[in-house]
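**Student:** So that we are looking at the same thing, I have put the structure below in structure tokens.
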Amino acid sequence: MLNFFSQNLIKKYGNLILRTNKFYKQISLYNNKMLEGQTNKLTNQIKNEKLTINEILPEAFATIKEAIKRSTGLILFDVQILGAIILHEGKIAEMKTGEGKTMVAIVAAYLNCLNGKNIHIITVNDYLAKRDTEIARHIFKYLKINIGLIVSETNHKLRQKAYKCNITYITNSELGFDYLRDNMTVSKNELLQAGFDFAIIDEVDSILIDEARTPLIISGNDKHNSNKYYKACEVSEKLINTMDYDIDEKAKNVMLNDSGIRKCEKLLSVQNLYSIDNEWTRYIINSLKAKELFIKNKEYIVKNNDVTIVDEFTGRIMEGRRWSDGLHQAIEAKENLMIRPENKTLASVTYQNLFLLYKKLSGMTGTAKTEEAEFNKIYKMLVTTIPTNKICIRKDLPDLVYKSEYYKWKAVANECFDMYKIGRPTLIGTTSIEKSEFIANLLKTLKIPYNLLNARQENISREAEIIAQAGQRYSITISTNMAGRGTDIILGGNPNKIAKNTLVSYLKQKYKLKTYIQFENFSKCSNTKIHNLLDTININTIKQHTSFENIKLYIEDIDNKNDPDNKNNNNLQDVYTKILNEYYKICSKEKIRILKLGGLYVIGTERHESRRIDNQLRGRAGRQGDKGSSRFFVSLEDNLFRIFGGETIKSLMDTLKIDDNTPIESILLSKSLNSAQKKVESYFYDTRKQLFEYDVVINSQRQAIYTERKKILQSSFSRDCIIEYGENTIEEMLNIYKQSNIKQKALILQQILQLLNITTNISLDILNFMNLDEIKIFLYEQLRITYDLRENYLEQIRPGLIRKLEKYYLLQQIDQAWQKHLEKMSSLKEYIGWRSYGQQDPLIEYKNEAFNLFVNMIISIRQTVIYLIMRSRLIINN
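Taken in order, the sequence shown gives residues 1 to 878; the numbers are from the UniProt record's numbering.
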């Protein structure tokens with residue numbers, strides 16, 4: 001039964017969906033050539049008939065719906081069409097897990113690329129970008145639309161090509177770094193991005209909310225003293241929590257108290273730890289943060305003797321990312337690893353300001369309503385909840401609250417044991433690697449087989465297989481966070497994945513190599529039938545066409561009916577189809593059994609700081625109208641309770657004399673936990689809001705600098721820019737001249753002549769008799785004469801040299817000045833908060849100070865460029 005909002009949506013967009021389905025009936029009769037011609041037809045309607053994309057929407061959606069059906073065999077639900085309309089309107093579509101968001105993005109992207117715009121589909125990781133690109137390429141080959149892919153390993157040439165495609169799949173971090181690199185390049189031929197027209201963000205809450213806490217930074221190595229990090233680490237080990245320092249877990253900060261300061265001064269042999277000439281404070285604070293707040297196997301792992309960050313929201317490792325301001329080095333010292341140099345910021349941008357560059361922005365996720373206010377306020381995006389294709393009948397059971405963590409984990413293990421005995425598939429969600437491995441050891445003790453998915457490399461490589469098969473009977477899966485996994489948990493198992501893996505496994509055996517995947521959850525009769533089918537494969541023919549290393553890709557091509565040597569592989573294609581059909585039968589029977597057991601059971605082992613992450617975990621059960629249930633096992637020693645107040649509940653349990661082994665189960669208690677989470681969400685929202693408000697100031701400066709830089713980069717005649725810089729410099733110095741006394745005026749005129757390298761027969765005394773306008777006109781003329789002479793001199797030596805020098809000096813000085821400016825702005829942001837003690841608004845003070853710094857930077861750039869260009873000499877070595 002649809003709720004009130006769903007009925008309103010259907011009423012509002014029902015006519016568009018009906019018209020789409022009417023076109024779809026006609027287009028489904030087209031042959032492949034006629035379907036391919038639809039793209040040209042619709043493009044011409046926009047160009048020649050001046051139709052808007054809204055007017056061609058039903059036919060465009062019907063066209064892509066048919067292409068999806070021919071490519072994948074899937075027929076889009078009406079709710080998916082509805083989701084695509086919402087994306088097209090620049091809103092966020094909240095769609096539950098398993099509702100087909102990947103296809104929804106493809107539908108909206110096709111419509112919007114018809115008017116020649118650049119469409120970016122942005123994902124949270126490389127795996128999803130690659131997977132979605134493959135799906136899109138198979139679909140769009142029916143419609144002659146080019147699909148590009150940009151992931152971390154994509155080289156510069158392929159990036160340029162990918163950005164020119166109709167639709168580009170890219171990760172959020174690569175998009176940001178490419179934007180920054182574009183604004184650091186010294187050649188227009190190196191530019192990557194064509195424009196920011198329309199973006200569709202997958203897992204929009206993860207990118208625009210969770211990732212938005214920290215800016216994207218491109219940095220270079222800076223000088224550092226590794227001994228100071230090691231020494232600070234030694235000192236921090238001798239300091240005692242609460243006695244020498246206090247921890248603010250909410251703000252992830254550490255503050256030294258009087259005792260700690262005295263102890264540090266004694267250990268470091270310094271008189272004043274907070275002296276302006278003493279930099280030890282930063283080292284000590286970072287070491288204490290590393291010691292208390294950044295825990296190994298939770299916030300980071302040590303991989304190949306390197307500290308690698310673990311994303312707290314997705315549980316994935318973040319290759320190449322490092323904490324800034326010396327924190328990463330402090331953790332390296334803590335782990336006794338080689339300390340890599342600190343980074344100096346060369347360019348930075350926040351996700352908020354990066355995505356606000358788009359003319360139209362939309363997104364999709366399973367959980368966005370809880371953050372609707374933030375999406376609306378910062379990004380001007382509304383959240384629309386799309387009704388599910390089938391009604392969700394999942395049961396979210398009240399939380400079980402234990403007094404201690406020990407009894408909570410014991411209860412989780414016992415619950416898993418009970419589920420395993422009856423064969424009900426169970427998914428256990430944890431918040432860190434450490435805790436996922438702890439529950440894994442408990443299950444090992446109870447002799448319960450399990451699959452473990454966390455940030456460790458050996459588990460990442462099997463991620464898709466683990467999640468895809470987590471819906472089988474007797475399957476127990478442990479995972480650190482479930483955001484952006486990109487693979488649905490299908491009850492009974494995923495027949496496509498099982499068929500492919502069975503084939504890959506069999507072929508690897510035939511290549512005389514040990515198999516690495518076994519499937520034991522199916523009946524002996526079925527396995528025998530599949531085994532007999534496998535024995536009919538002509539292995540020698542396959543060996544002629546692929547090597548052992550490429551078997552997996554080869555089978556992917558067979559699955560996608562994209563095999564270039566299909567004539568020689570009719571045998572393999574036929575066997576694969578039969579195996580796939582056999583597994584469909586097996587999985588369907590398994591699903592019926594599992595539904596009788598209650599469907600997938602999701603166990604949460606701790607409430608996350610955000611309700612969205614909890615909802616993402618719950619959402620894995622009850623996919624497409626299946627049965628399922630979820631329950632959270634929590635303890636009063638969990639972080640959320642400890643930091644945000646579990647004392648009331650603890651005292652209640654003590655008063656009622658509740659046994660340690662007995663949990664409290666109460667809807668009221670679950671509500672109090674939700675309330676605690678709202679406090680955390682509110683706190684982090686304030687953090688992001690403050691980051692955004694402060695970055696708005698620097699963003700306007702960034703846009704001004706990058707616009708000027710791009711103008712210079714794309715200009716073929718930069719002389720005008722140099723003359724303009726010179727004239728502006730003259731005007732700025734004459735403004736000071738106007739307000740000075742006679743002695744100072746003579747000095748300023750001399751400085752102008754020296755700066756511009758002007759030699760004139762007219763004495764300074766004569767200039768002093770001129771009025772301000774006459775002086776300005778005279779200096780403008782002298783600037784041009786001097787510059788003409790310099791240009792002629794350099795052109796005679798080497799033609800075209802002056803133009804290259806102009807561009808070089810302009811770009812070099814802008815980049816150097818901007819980097820220094822970023823450092824000053826970072827320092828300003830750190831100390832400006834103290835102004836509040838003087839009854840001043842730190843943000844207003846920051847804006848004023850930032851403006852003055854920016855003006856000084858611009859003046860410095862102009863003067864330095866003019867000074868250098870006016871003194872250029874060409875030294876020719878014999």
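Backbone N, C-alpha and C define an ideal beta-carbon position, used for all residues, glycine too.
Within the continuous alpha helix (DSSP H) that includes residue 883, where are the two ends?
**Tutor:** Only positions 1 to 878 of the chain appear in the structure, and residue 883 is not among them; the question remains open.
**Student:** Does the count of Cβ pairs from the stretch 670-684 and the stretch 194-207 closer than 8 Å reach three?
**Tutor:** Touching, no, given that fewer than three Cβ pairs across the two stretches are closer than 8 Å.
**Student:** In whole angstroms, what separates the C-alpha of Pro-799 from that of Leu-35?
**Tutor:** In the sequence shown, the residue the question calls residue 799 occupies position 799. In the sequence shown, the residue the question calls residue 35 occupies position 35. One C-alpha to the other measures close to 56 Å.
**Student:** How close, in whole Å, do the beta carbons of Ile-119 and Asn-112 come, if the pair is a contact with beta carbons under 8 Å?
**Tutor:** For the purposes of this step, residue 119 is taken as the residue at position 119 of the sequence shown. For the purposes of this step, residue 112 is taken as the residue at position 112 of the sequence shown. Yes, Ile-119 and Asn-112 are in contact; Cβ-Cβ is about 5 Å, under 8 Å.
**Student:** Short check: CB of Ser-670 to CB of Ser-404, under 9 Å?
**Tutor:** In the sequence shown, the residue the question calls residue 670 occupies position 670. In the sequence shown, the residue the question calls residue 404 occupies position 404. Cβ atoms of Ser-670 and Ser-404: not closer than 9 Å.
**Student:** How is Lys-303 classed by DSSP in three states: helix, strand or coil?
**Tutor:** As a working mapping, residue 303 is identified with position 303 in the sequence shown. Three-state DSSP puts Lys-303 in a strand.
**Student:** Going by alpha carbons, who is nearest to Lys-157 out of Arg-137, Asn-172 and Asp-178?
**Tutor:** Here residue 157 corresponds to residue number 157 of the sequence shown, with the count starting at 1. The option with the nearest alpha carbon to Lys-157 is Asp-178.
**Student:** Keeping to the same chain, check which residues put their C-beta closer than 7 Å to that of Asn-376; ignore five residues upstream and five downstream.
**Tutor:** The residue labelled residue 376 in the question sits at position 376 within the sequence shown. So the qualifying residues of the chain are Leu-382.
**Student:** Anyone know if the C-beta pair for Ala-333 and Tyr-245 falls short of 9 Å?
**Tutor:** Indexing the sequence shown from 1 puts residue 333 at position 333. Indexing the sequence shown from 1 puts residue 245 at position 245. No. Outside cutoff.
**Student:** Check each candidate in Phe-355, Tyr-169, Arg-593 and Asp-788 and name the one with the smallest Cα separation from Phe-692.
**Tutor:** Sequence index remark: in the sequence shown, residue 692 carries index 692 (1-based). Closest option to Phe-692, Cα to Cα, is Phe-355.
**Student:** Can you tell me which residues form a DSSP beta bridge with Glu-402?
**Tutor:** Within the sequence shown, numbered from 1, the residue matching residue 402 stands at position 402. For the record, residue 402 in the displayed sequence is Tyr; it is not Glu. The partner list for Tyr-402 (beta bridge, DSSP) reads Ser-635.
**Student:** Does Pro-58 pass the burial test, meaning 16 or more other C-beta atoms within 10 Å, or should it be called exposed?
**Tutor:** Position 58 of the sequence shown, counting from 1, holds the residue named residue 58. Pro-58 is buried by the Cβ-count criterion.
**Student:** Pick out whichever of Met-733, Ile-658, Arg-702 and Asn-771 has its Cα sitting closest to the Cα of Leu-357.
**Tutor:** Indexing the sequence shown from 1 puts residue 357 at position 357. For Leu-357, the nearest C-alpha among the options comes from Arg-702.
**Student:** Mark Ala-850 as exposed unless 16 or more other C-beta atoms lie within 10 angstroms of its C-beta, in which case mark it buried.
**Tutor:** Residue numbering aside, residue 850 sits at position 850 when the sequence shown is read from its first letter. Buried is the call here.
**Student:** Is the separation between the beta-carbon of Gly-90 and that of Tyr-351 shorter than 9 Å?
**Tutor:** To locate residue 90, count along the sequence shown from 1; it is residue 90. To locate residue 351, count along the sequence shown from 1; it is residue 351. No.
**Student:** Which value, in whole angstroms, describes the spacing of the CA atoms of Thr-39 and Phe-140?
**Tutor:** By 1-based counting over the sequence shown, the position of residue 39 is 39. By 1-based counting over the sequence shown, the position of residue 140 is 140. Cα to Cα, Thr-39 sits roughly 10 Å from Phe-140.
**Student:** My guess is that Val-124 and Ile-386 are in contact by the Cβ rule of under 8 Å, so how many angstroms apart are they, rounded?
**Tutor:** Indexing the sequence shown from 1 puts residue 124 at position 124. Indexing the sequence shown from 1 puts residue 386 at position 386. Rounded, the Cβ-Cβ distance is 20 Å, inconsistent with contact.
**Student:** Quick check on DSSP: helix, strand or coil for Ser-630?
**Tutor:** For the purposes of this step, residue 630 is taken as the residue at position 630 of the sequence shown. Strand.
**Student:** Report the CB separation of Tyr-583 from Pro-495 in whole angstroms; it is logged as a contact under 8 Å.
**Tutor:** Start at 1 with the first residue of the sequence shown, and residue 583 comes out as number 583. Start at 1 with the first residue of the sequence shown, and residue 495 comes out as number 495. Indeed they touch by this definition, with Cβ atoms about 4 Å apart.
**Student:** When you compare only the Cα positions, how much space is there between Lys-807 and Asp-182?
**Tutor:** As a working mapping, residue 807 is identified with position 807 in the sequence shown. As a working mapping, residue 182 is identified with position 182 in the sequence shown. Computed Cα separation, rounded: 16 Å.
**Student:** Report yes if the C-beta distance between Ser-610 and Asp-210 is below 9 Å; otherwise report no.
**Tutor:** Looking up residue 610 in the sequence shown gives position 610. Looking up residue 210 in the sequence shown gives position 210. In this structure, Asp-210 lies closer than 9 Å to Ser-610 by Cβ.
**Student:** For the stretch 317-336 against the stretch 293-309, do three or more pairs of beta-carbon atoms, one drawn from each stretch, fall closer than 8 Å, so that the two count as touching?
**Tutor:** Enough Cβ pairs lie closer than 8 Å, so yes.
**Student:** Whole angstroms is fine: what's the gap from Ile-489's alpha carbon to Ile-664's?
**Tutor:** Start at 1 with the first residue of the sequence shown, and residue 489 comes out as number 489. Start at 1 with the first residue of the sequence shown, and residue 664 comes out as number 664. Cα to Cα, Ile-489 sits roughly 30 Å from Ile-664.
**Student:** Would the beta-carbon of Ile-85 fall within 9 Å of that of Ala-108?
**Tutor:** Counting from 1 along the sequence shown, the entry for residue 85 is found at position 85. Counting from 1 along the sequence shown, the entry for residue 108 is found at position 108. Taking 9 Å as the Cβ cut-off, Ile-85 and Ala-108 qualify as a contacting pair.
**Student:** Return the Cβ separation of Tyr-127 and Glu-374 in integer angstroms, given the expectation that the two are a contact with Cβ distance under 8 Å.
**Tutor:** Within the sequence shown, numbered from 1, the residue matching residue 127 stands at position 127. Within the sequence shown, numbered from 1, the residue matching residue 374 stands at position 374. Rounded, the Cβ-Cβ distance is 27 Å, inconsistent with contact.
**Student:** So Val-602 and Leu-427 are in contact, right, with Cβ under 8 Å, and what is the actual spacing, rounded?
**Tutor:** Position 602 of the sequence shown, counting from 1, holds the residue named residue 602. Position 427 of the sequence shown, counting from 1, holds the residue named residue 427. With a Cβ gap of about 5 Å, Val-602 and Leu-427 count as contacting.
**Student:** Sorted by chain position, which residues of the same chain lie with C-beta nearer than 6 Å to Lys-578's C-beta, five sequence neighbours on each side aside?
**Tutor:** As a working note, residue 578 is residue 578 in the sequence shown. Here the set comprises Leu-533.
**Student:** Inspect the CB distances between the stretch 743-761 and the stretch 827-835 and report whether three or more fall short of 8 Å.
**Tutor:** With the cut-off at 8 Å, the stretch 743-761 and the stretch 827-835 do not touch.
**Student:** For Ser-505 and Lys-529, I'd like the C-alpha separation in whole angstroms.
**Tutor:** Position 505 of the sequence shown, counting from 1, holds the residue named residue 505. Position 529 of the sequence shown, counting from 1, holds the residue named residue 529. One C-alpha to the other measures close to 16 Å.
**Student:** In whole angstroms, what separates the C-alpha of Lys-804 from that of Ala-817?
**Tutor:** Within the sequence shown, the letter at position 804 stands for residue 804. Within the sequence shown, the letter at position 817 stands for residue 817. Distance between the alpha carbons of Lys-804 and Ala-817 is about 20 Å.
**Student:** Exposed or buried, what is Pro-341 when buried is set at 16 or more other beta-carbons lying within 10 Å of its beta-carbon?
**Tutor:** Residue mapping note: residue 341 aligns to position 341 of the sequence shown, counting from 1. So Pro-341 counts as exposed.
**Student:** Checking contacts by CB at 9 Å: is His-328 closer than that to chain D?
**Tutor:** In the structure shown, chain D cannot be found, because there is only a single protein chain.
**Student:** By how many angstroms is the C-alpha of Glu-781 removed from the C-alpha of Ile-742?
**Tutor:** Here residue 742 corresponds to residue number 742 of the sequence shown, with the count starting at 1. Here residue 781 corresponds to residue number 781 of the sequence shown, with the count starting at 1. Taking the straight line joining both Cα atoms gives about 24 Å.
**Student:** Given this structure, state the Cα-to-Cα distance separating Gln-271 from Ser-259, to the nearest angstrom.
**Tutor:** Numbered from its first residue, the sequence shown carries residue 271 at position 271. Numbered from its first residue, the sequence shown carries residue 259 at position 259. Their backbone Cα atoms lie some 14 Å apart in a straight line.
**Student:** With H, G and I counted as helix, E and B as strand and the rest as coil, what does DSSP make of Ile-736?
**Tutor:** The residue you call residue 736 lines up with position 736 of the sequence shown. Three-state result, Ile-736: helix.
**Student:** Using DSSP's beta-bridge definition, name the partner residues of Ile-478.
**Tutor:** Within the sequence shown, the letter at position 478 stands for residue 478. Beta-bridge pairing links Ile-478 to Ile-428 and Leu-452.
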